[in-house]
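Student: I have a structure I would like to understand better, so I am pasting it below and will then ask my questions one at a time.
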Amino acid sequence: MYRAALLAALLVLAGCQAPSAGPSAASPVNETTGTDAPEPTATPASADALPDPETDRLGWENGYWHNESLAVTNSDGLNESEREAVVARSMARVEWVREREFDETVPVSVIDRSTYQNRSTTAANATSARFDNGKFEALFLIGEDRDALEAQNAALSQSVLGYYSPVRDEIVIVADSETPQLDGEATLAHELVHALQDQQFDLTNGTVTTRDAYQGRNGIVEGDASFVERRYTANCGESWSCLDSADSTQSGGGDSHFGLNFLQFFPYSDGPGFVEHRYEAGGWAAVDAAFADRPDGATEVIYPEQYPEWEPATVSLPDRSNDEWERVRPPGRSDYAVVGQSAIAASLAYTVTDDYEDASVVAADDVLNFEGNEIDGNDPYNYDVPAARGWAGGKLSVYENGDRSGYVWRTRWTNESEAAEFASTWSAVVRHWGGEETGENVWTIGEDSPFTDAVRIDRSGATVTVVNAPDAAALEGVHDA
């Protein structure tokens with residue numbers, strides 16, 4: 003009965019957080035003159051009602067103060083001059099909240115969703131595709147009958163509201179109307195924070211090569227943008243006159259693949275809590291410091307009190323395949339994947355909503371956060387799922403034998419008890435997807451399942467090793483136990 007509620011609760015991803023009540027941004031003092039920006043005694047009709055400062059300052063950009071009203075019409079789409087005015091005022095507002103100055107103006111364009119979908123189509127070489135397919139198959143998120151990259155693109159293309167490109171230094175807002183409009187100012191504010199981050203902290207500096215490292219990095223990047231967005235929108239209707247939402251039907255949750263969306267949504271759900279923890283500990287300076295020392299993985303975002311001491315454990319995963327099997331090594335990337343707590347939580351959450359089996363491995367209450375009787379709009383999903391808790395590190399390698407594939411996934415846990423809980427729960431995941439135990443710690447998944455294969459789960463102390471092959475006879479060939 004929770005399936006509809008779970009899918010309805012999924013918020014769109016980029017520029018995603020719905021406006022929510024929160025603390026109003028404190029009025030920062032101008033760094034140059036030490037004075038506050040002028041507060042109008044009445045709502046002006048245009049930017050001409052307030053004088054421009056002699057020098058640039060926080061809360062003023064390109065002729066517009068953060069607290070001015072604009073004579074613009076959003077319902078029929080913003081023309082170029084209207085868009086420039088809205089962007090300039092939003093930049094001033096982001097500065098006011100974030101207490102950081104933009105170095106330069108950020109170009110913003112608005113496109114319709116079909117145009118974005120055509121732009122977002124990407125292709126991977128055959129080796130990288132096989133590697134990613136194996137990784138998402140190991141998580142029981144995407145079966146062998148579907149391409150992992152296509153599935154991820156489909157989820158994003160239906161739900162994304164906008165994005166900032168550090169390579170092009172530009173913002174693109176995605177609208178669902180025939181005449182592209184801004185759906186309020188939340189998405190624009192969110193993406194402007196990314197532009198500000200790039201100008202101040204260089205988002206292209208430092209690469210990540212694994213899924214878990216990506217989740218950690220995005221925890222601060224998206225968390226900061228979402229945290230500022232909430233403080234921004236909290237001023238709307240109180241201190242500021244804000245752009246109304248357009249009369250369009252925004253996508254509310256992408257496609258119905260809840261597991262993928264749950265995984266992709268992680269930095270937007272838990273990132274703001276991580277940033278708030280940093281802000282309460284030391285203000286914006288503490289948040290800024292996290293850009294210089296970004297979280298090492300999802301664990302530090304889920305449990306901000308563990309930052310910055312936590313580091314993933316080093317896990318050895320030697321190649322024990324026979325001559326028939328070869329490890330897949332994608333070009334320009336690590337030849338192993340690291341899927342941490344957020345990915346495991348997504349696998350478990352997916353069993354609540356998938357169409358394959360009615361019984362789920364975890365309860366909906368395990369993966370949803372409630373505020374009273376309602377799902378918490380600021381933090382809807384819970385990644386602190388018991389069976390995923392205690393993940394300390396891991397590696398996943400993908401193997402191929404002609405057109406046949408397999409994988410070996412080894413995880414390290416904080417103690418034997420946590421490892422035993424994961425091994426037991428993962429056995430339940432295999433059973434959920436049609437697995438029947440056909441040998442000691444070996445399950446065979448039938449042909450009616452999207453994950454038809456054989457799986458072996460071995461635990462040694464605090465380490466769990468999952469091996470996959472097309473059939474039980476090939477398990478030893480992929481990884482000699």
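Position one of the sequence shown corresponds to residue 3 (the working numbering), numbered consecutively onward. Cβ coordinates follow ideal geometry from the N, Cα and C atoms, glycine included. Bear in mind that the values here come from a model prediction, so they are computed numbers and not experimental data.
1) For arginine 121, is the classification buried or exposed, using 16 other Cβ atoms within 10 angstroms of its Cβ as the cut-off for buried?
2) Looking at the structure shown, is glutamate 449 part of a helix, part of a strand, or coil, going by DSSP?
3) Suppose only complete runs of 3+ residues qualify. What are the beta strand (DSSP E) ranges in the segment 129-182, listed by chain order?
4) From this set, Leu143, Ile377 and Glu376, which residue's C-alpha is nearest alanine 157's C-alpha?
5) Once DSSP output is grouped into helix, strand and coil, what is the label at glycine 392?
6) Whose C-beta lies closer than 6 Å to the C-beta of phenylalanine 276 among residues of the same chain, with five residues either side of it excluded?
7) Of the choices Gly395, His434, Glu328 and Gly284, whose alpha-carbon is the least far from that of glutamate 357?
8) Who are the near neighbours of glutamine 201 in its chain, counting only those whose CB is closer than 6 Å to its CB and skipping five residues on each side?
9) Exposed or buried, which one is glutamate 56 when buried takes at least 16 other CB atoms within 10 Å?
10) Should glutamate 402 be labelled buried (16 or more other beta-carbon atoms within 10 Å of its own) or exposed?
11) By alpha-carbon positions, which one of Glu439, Ile173, Ser243 and Glu478 ends up nearest to glycine 321?
12) Among Gln308, Arg100 and Asp360, which residue has its Cα nearest to the Cα of threonine 235?
13) Can you tell me where the beta strand (DSSP E) with arginine 406 in it begins and where it stops?
14) Taking DSSP as the reference, what is the three-state secondary structure of leucine 205?
15) Give me the Cα-Cα distance between valine 108 and isoleucine 459, rounded to the nearest whole angstrom.
16) What does a CB cutoff of less than 7 Å around alanine 339 pick up in its chain, not counting 5 residues either side in sequence?
17) Counting C-beta neighbours from all protein chains within 10 Å, is the total for alanine 87 16 or more, i.e. buried, or is it exposed?
18) Let me know if alanine 471 comes out buried or exposed under the rule of 16 or more other beta-carbons within 10 Å of its beta-carbon.
19) Using a Cβ distance threshold of 8 Å, determine whether the segment 406-424 contacts the segment 349-365, with at least three qualifying pairs required.
20) For tryptophan 537, which of helix, strand or coil comes out of DSSP?
21) Have a look at aspartate 50 and serine 77 and give me their C-alpha separation to the nearest angstrom.
22) If you follow the alpha helix (DSSP H) that asparagine 120 is in, where does it begin and where does it stop?
23) For the candidate residues Ser362, Ala300, Gln160 and Ala215, whose alpha-carbon lies nearest to that of serine 336?
24) To the nearest angstrom, how far is the alpha carbon of glutamate 282 from that of valine 289?
25) Check serine 399 in the structure and name its three-state DSSP category.
26) What is the rounded straight-line gap between the Cα of proline 452 and the Cα of arginine 412?
27) Using only CA atoms, which one of Val444, Val317 and Asp325 lies nearest to glycine 396?
28) In terms of residue numbering, what span does the alpha helix (DSSP H) encompassing aspartate 367 cover?
29) From this set, Thr117, Val364 and Asp295, which residue's C-alpha is nearest aspartate 204's C-alpha?
30) If you run the structure through DSSP and keep just helix, strand and coil, what is tyrosine 383?
31) When the Cα of aspartate 171 is compared with those of Arg461, His196, Ile113 and Val387, which residue comes out closest?
32) Looking at C-alpha atoms only, which residue of Cys244, Gly463, Asn127 and Val162 is the closest neighbour of aspartate 149?
33) Taking tyrosine 118 and valine 169 to be in contact with their CB atoms under 8 Å, please state how far apart those CB atoms are, rounded to whole angstroms.
34) If you follow the beta strand (DSSP E) that aspartate 460 is part of, which residue opens it and which one closes it?
35) Taking the alpha helix (DSSP H) that asparagine 220 falls in, what are its first and last residues?
36) As a quick exercise: from Thr465, Gln343 and Val363, pick the residue whose alpha carbon is nearest that of aspartate 298.
Tutor: According to the structure shown:
1) Within the sequence shown, residue 121 is the residue found at index 119, counting from 1. Arginine 121 comes out exposed.
2) One-based indexing of the sequence shown puts residue 449 at position 447. If DSSP states are grouped into helix, strand and coil, glutamate 449 belongs with coil.
3) Complete beta strand (DSSP E) runs here, min 3: 164-167 and 172-177.
4) The residue given as residue 157 occupies position 155 in the sequence shown. Closest option to alanine 157, Cα to Cα, is Leu143.
5) Position 390 of the sequence shown, counted from the first residue, corresponds to residue 392. DSSP places glycine 392 in coil when its eight states are reduced to three.
6) Within the sequence shown, numbered from 1, the residue matching residue 276 stands at position 274. Contacts found: Gly221, Gly225, Val303 and Pro306.
7) As a first step, residue 357 must be located in the sequence shown, where it is residue number 355. Reading off the sequence, residue 357 comes out as aspartate, not glutamate. Cα-wise, what sits closest to aspartate 357 is His434.
8) Position 199 of the sequence shown, counted from the start, is the residue given in the question as residue 201. Result list for glutamine 201: Asp105, in chain order.
9) Taking the first residue of the sequence shown as position 1, residue 56 is located at position 54. Burial call: exposed.
10) By one-based count along the sequence shown, residue 402 stands at place 400. That one is buried.
11) Residue numbering aside, residue 321 sits at position 319 when the sequence shown is read from its first letter. The residue asked about is misnamed: residue 321 is aspartate in this sequence, not glycine. With distances taken between Cα atoms, aspartate 321 lies closest to Glu478.
12) Against the sequence shown, residue 235 aligns to sequence position 233. Residue Arg100 is the option with its Cα nearest to threonine 235.
13) The sequence position of residue 406 within the sequence shown is 404, counting from 1. It spans 406-415 - the beta strand (DSSP E) in which arginine 406 sits, taken as one unbroken run.
14) Numbered from 1 along the sequence shown, position 203 holds the residue referred to as residue 205. If DSSP states are grouped into helix, strand and coil, leucine 205 belongs with coil.
15) Residue 108 sits at position 106 when you count from the first residue of the sequence shown. Residue 459 sits at position 457 when you count from the first residue of the sequence shown. In a straight line, the C-alpha of valine 108 is about 51 Å away from that of isoleucine 459.
16) Here residue 339 is taken as the residue at index 337 of the sequence shown, counted from 1. Excluding residues within five positions, the ones whose Cβ falls inside 7 Å are Lys137, Thr212, Arg213 and Leu398.
17) One-based indexing of the sequence shown puts residue 87 at position 85. The residue is buried, with at least 16 neighbouring Cβ atoms inside 10 Å.
18) Residue 471 sits at position 469 when you count from the first residue of the sequence shown. Flag for alanine 471 reads buried.
19) no
20) Limits of the chain in this structure are 3 at one end and 483 at the other, which puts residue 537 out of reach.
21) The residue labelled residue 50 in the question sits at position 48 within the sequence shown. The residue labelled residue 77 in the question sits at position 75 within the sequence shown. Note on aspartate 50: pLDDT 47, under 50, position unreliable in the model; no value is reported.
22) On the sequence shown, position 118 is the one that residue 120 refers to. It spans 115-121 - the alpha helix (DSSP H) in which asparagine 120 sits, taken as one unbroken run.
23) Numbered from 1 along the sequence shown, position 334 holds the residue referred to as residue 336. It is Ala215 whose Cα lies nearest to the Cα of serine 336.
24) For the purposes of this step, residue 282 is taken as residue 280 along the sequence shown, with counting starting at 1. For the purposes of this step, residue 289 is taken as residue 287 along the sequence shown, with counting starting at 1. If you draw a straight line from the Cα of glutamate 282 to the Cα of valine 289, it is about 9 Å long.
25) Translated into the one-based positions of the sequence shown, residue 399 becomes position 397. If DSSP states are grouped into helix, strand and coil, serine 399 belongs with the strands.
26) Position 450 of the sequence shown, counted from the first residue, corresponds to residue 452. Position 410 of the sequence shown, counted from the first residue, corresponds to residue 412. Their backbone Cα atoms lie some 23 Å apart in a straight line.
27) By 1-based counting over the sequence shown, the position of residue 396 is 394. Comparing Cα-Cα distances from glycine 396 to each of Val444, Val317 and Asp325, the minimum goes to Val317.
28) Taking the sequence shown and counting its residues from 1, the one referred to as residue 367 is at position 365. Here the alpha helix (DSSP H) through aspartate 367 covers 366-369.
29) Taking the first residue of the sequence shown as position 1, residue 204 is located at position 202. Residue Asp295 is the option with its Cα nearest to aspartate 204.
30) By 1-based counting over the sequence shown, the position of residue 383 is 381. Here tyrosine 383 sits in strand by DSSP.
31) Residue mapping note: residue 171 aligns to position 169 of the sequence shown, counting from 1. Of Arg461, His196, Ile113 and Val387, the residue nearest in Cα terms is His196.
32) As a first step, residue 149 must be located in the sequence shown, where it is residue number 147. Closest option to aspartate 149, Cα to Cα, is Asn127.
33) In the sequence shown, counting from the first residue as 1, residue 118 sits at position 116. In the sequence shown, counting from the first residue as 1, residue 169 sits at position 167. Contact flag wrong, Cβ pair sits at about 17 Å.
34) Position 458 of the sequence shown, counting from 1, holds the residue named residue 460. Here the beta strand (DSSP E) through aspartate 460 covers 455-462.
35) Taking the first residue of the sequence shown as 1, we reach residue 220 at position 218. Start and end: 213-236.
36) Here the question's residue 298 lines up with position 296 in the sequence shown. Of the candidates Thr465, Gln343 and Val363, the one whose C-alpha sits nearest the C-alpha of aspartate 298 is Gln343.
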